[in-house]
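Below you'll find the structure, written out as structure tokens, and then a few comments.
There are 2 protein chains.
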Amino acid sequence: MNDSGQSSGSSARSKRKDARRNQQALLDAAAEVFVSSGVDAPVRDIAAKAGVGTGTIYRHFPTRADLVIAVYRHQVDACAEAGPALLAAGPTPHAALVRWVDLFVDFLVTKHGLATAMQGDSTCFGPLHTYFLDRLLPVCTQLLDAAADSGEIRSDLDAYQFMRGIGNLCVGADTDPRYDARRLVALLVAGLRQPH
Amino acid sequence: MNDSGQSSGSSARSKRKDARRNQQALLDAAAEVFVSSGVDAPVRDIAAKAGVGTGTIYRHFPTRADLVIAVYRHQVDACAEAGPALLAAGPTPHAALVRWVDLFVDFLVTKHGLATAMQGDSTCFGPLHTYFLDRLLPVCTQLLDAAADSGEIRSDLDAYQFMRGIGNLCVGADTDPRYDARRLVALLVAGLRQPH
DNA sequence: AATGAAACGGAACGTCGTTCCGATTACGAC
DNA sequence: GTCGTAATCGGAACGACGTTCCGTTTCATT
Numbered sequence: 001m002n003d004s005g006q007s008s009g010s011s012a013r014s015k016r017k018d019a020r021r022n023q024q025a026l027l028d029a030a031a032e033v034f035v036s037s038g039v040d041a042p043v044r045d046i047a048a049k050a051g052v053g054t055g056t057i058y059r060h061f062p063t064r065a066d067l068v069i070a071v072y073r074h075q076v077d078a079c080a081e082a083g084p085a086l087l088a089a090g091p092t093p094h095a096a097l098v099r100w101v102d103l104f105v106d107f108l109v110t111k112h113g114l115a116t117a118m119q120g121d122s123t124c125f126g127p128l129h130t131y132f133l134d135r136l137l138p139v140c141t142q143l144l145d146a147a148a149d150s151g152e153i154r155s156d157l158d159a160y161q162f163m164r165g166i167g168n169l170c171v172g173a174d175t176d177p178r179y180d181a182r183r184l185v186a187l188l189v190a191g192l193r194q195p196h
Numbered sequence: 197m198n199d200s201g202q203s204s205g206s207s208a209r210s211k212r213k214d215a216r217r218n219q220q221a222l223l224d225a226a227a228e229v230f231v232s233s234g235v236d237a238p239v240r241d242i243a244a245k246a247g248v249g250t251g252t253i254y255r256h257f258p259t260r261a262d263l264v265i266a267v268y269r270h271q272v273d274a275c276a277e278a279g280p281a282l283l284a285a286g287p288t289p290h291a292a293l294v295r296w297v298d299l300f301v302d303f304l305v306t307k308h309g310l311a312t313a314m315q316g317d318s319t320c321f322g323p324l325h326t327y328f329l330d331r332l333l334p335v336c337t338q339l340l341d342a343a344a345d346s347g348e349i350r351s352d353l354d355a356y357q358f359m360r361g362i363g364n365l366c367v368g369a370d371t372d373p374r375y376d377a378r379r380l381v382a383l384l385v386a387g388l389r390q391p392h
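So the sequences go chain by chain: A and B.
Going by our numbering, the first sequence opens with residue 1, and the numbers climb by one from there.
Going by our numbering, the second sequence opens with residue 197, and the numbers climb by one from there.
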């Protein structure tokens, strides 16, 4: 098993100086553009902001989704690592679950259009979907199992469906002031509580 | 109240015979293509199936979304009309709400990609979103209010957020066998129950 | 300096929704 | 029947998108 998915050597010391410089410029530019124009911003805009040609993007990041992944990798990892920590710290598994979900929802809602991008498993964002799942599913499973074992929630919903549900509920939360994704996710979690 | 939004005179007796014929051919072709290739099917495919040029589509339906609306108008209307009926027939308002939600979810999940199309309020599907809301929001409000008045559910979630939540949960339900939108919607509704 | 490989940039491709416009057709007036 | 005209038609053309291609430039090595 290699360092799974390091898209085109994100950080592996490449031979040439310009290559490394451009890769970093691309990541910085993408981060900026994603904030100002959303994750759906045209590839050309990102290339322009980084001062490179479009071809350069695709040499470093095989597809649009890989660039998105590279930009948000740190935050996804942080979210993944927060799971066990919360479980160890929280008063109950359910409390930890709630807090972790808050973290995840905050992350999705904060990035314009990320939730939207993640579910449309069209040709374009498949890798994104996959990366999120690979990284977060085990954590979510652990939290869900713990809360189920302690009898706080029902145990008949797997983490995959739970996470997809949350992701879906976050769609459009950034563009519509009348829609409060956090609230609906809270409702979904409430529906998960053991009737007892 | 007029027949709000009759996109380009869907059924108003147009002057010319060929125009009427093409409009019907377009509706039939679109219905077929939507079933086989999803709501996202290229406009050109629909035009080809109907045996007309792409220009003809846009004379009858100003935008892609208007065609989608025209195809599903009957079913949306049926869903809207089922609301009061269920409320009158059901044992409790909550039961009526649950059944109506089932109806709505079935409708969304059955049409490939409809849910996905409805929330991406990009330039393209805005009208679709709007039509659904115009037609179904009053009905949903009525059901929600009735169930809240009878003390069965909490009253602090408006119909708009509720419907968006349901719509979002249905996204991708058709393409992913591991994802059961009906279940998650049921969980959401369960979370709505009054703690008492 | 010379050289070969790696990286560059932006033109070009295929797809999409949509617009445009010259050709065609139906229908009322004669 | 025929003719004029306005409505309708079909598909080429446009602009935006993600992605690919390839001639040119730049780097690291000698």
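Each residue gets a CB set at the ideal place from its N, CA and C atoms; glycine is no exception.
| Asked | Found |
| --- | --- |
| Check the Cβ of B/Gln390 against every Cβ in chain A and list those closer than 8 angstroms, keeping chain order. | Those do not exist, as B/Gln390 stays about 11 angstroms from chain A at its closest Cβ, beyond 8 angstroms. |
| List the residues of chain B whose Cβ lies closer than 7 angstroms to the Cβ of A/Asn255, in chain order. | Limits of chain A in this structure are 1 at one end and 196 at the other, which puts residue 255 of chain A out of reach. |
| Given a threshold of 16 other Cβ atoms within 10 Å of its Cβ, counted over all protein chains shown, does B/Arg260 qualify as buried or as exposed? | buried |
| Select from A/Ala96, A/Tyr131 and A/Ser155 the residue whose C-alpha is nearest the C-alpha of A/Ala70. | A/Tyr131 |
| Run down chain A in chain order and give the residues with a C-beta less than 7 angstroms from the C-beta of B/Ala386. | Gly191 |
| What does the alpha-carbon distance come out to for the pair B/Ile349 and B/Pro289? | 10 angstroms |
| Any C-beta of chain A within less than 7 angstroms: which residues of the stretch 275 to 302 of chain B qualify? | none |
| State the start and end residues of the unbroken alpha helix (DSSP H) segment that holds B/Ala369. | Neither: B/Ala369 is in no alpha helix (DSSP H) and is coded neither H nor E. |
| Name the chain A residues that come within less than 8 angstroms of B/Gln357, Cβ to Cβ? | Arg178, Tyr179, Asp180, Arg183 and Leu184 |
| For B/Leu324, would you say it is in contact with chain A, using Cβ-to-Cβ distances shorter than 8 angstroms as the test? | no |
| Taking only the alpha-carbon atoms, compute the straight-line gap between B/Gln219 and B/Gly387 and give it to the nearest angstrom. | 45 angstroms |
| May I ask you to report which of helix, strand or coil DSSP gives A/Arg193? | strand |
| Quick one: list the residues of chain A neighbouring B/Gly361, beta-carbon separation under 7 angstroms, in chain order. | Leu169 and Leu184 |
| Using the DSSP secondary-structure output, state which residues sit across from A/Ile153 in a beta bridge. | A/Arg193 |
| Let's see if you can read the secondary structure: which residues bound the alpha helix (DSSP H) around B/Lys245? | Val239 to Ala246 |
| Helix, strand or coil for A/Leu188 per DSSP? | helix |
| For A/Arg44 and B/Ala285, what's the separation of their Cα atoms in angstroms? | 57 angstroms |
| Tell whether a beta-carbon distance below 8 angstroms holds between A/Pro62 and A/Gln142. | no |
| Any beta-carbon of chain B closer than 8 angstroms to the one on A/Leu187? | yes |
| Count the other CB atoms, across all protein chains shown, that sit within 10 Å of the CB of A/Pro195; report buried if there are 16 or more and exposed otherwise. | exposed |
| Does the stretch 346 to 361 of chain B come within contact of the stretch 150 to 164 of chain A, defined as at least 3 CB pairs closer than 8 angstroms? | no |
| Specify, as a first and last residue, the run of the alpha helix (DSSP H) that A/Asp102 falls within. | Pro93 to Thr110 |
| Just the chain A side, please: which residues come within less than 7 angstroms of B/Gln315 by C-beta, in chain order? | Val171 and Gly172 |
| With burial defined as no fewer than 16 other Cβ atoms inside 10 Å of the residue's Cβ, what is the status of B/Thr250: buried or exposed? | exposed |
| I need the DSSP call for A/Arg13, collapsed to helix, strand or coil. | coil |
| Given a threshold of 16 other Cβ atoms within 10 Å of its Cβ, counted over all protein chains shown, does A/Asp15 qualify as buried or as exposed? | The amino acid occupying residue 15 of chain A in the given sequence is Lys; Asp does not appear at that position. Its Cβ having fewer than 16 others within 10 Å, A/Lys15 is exposed. |
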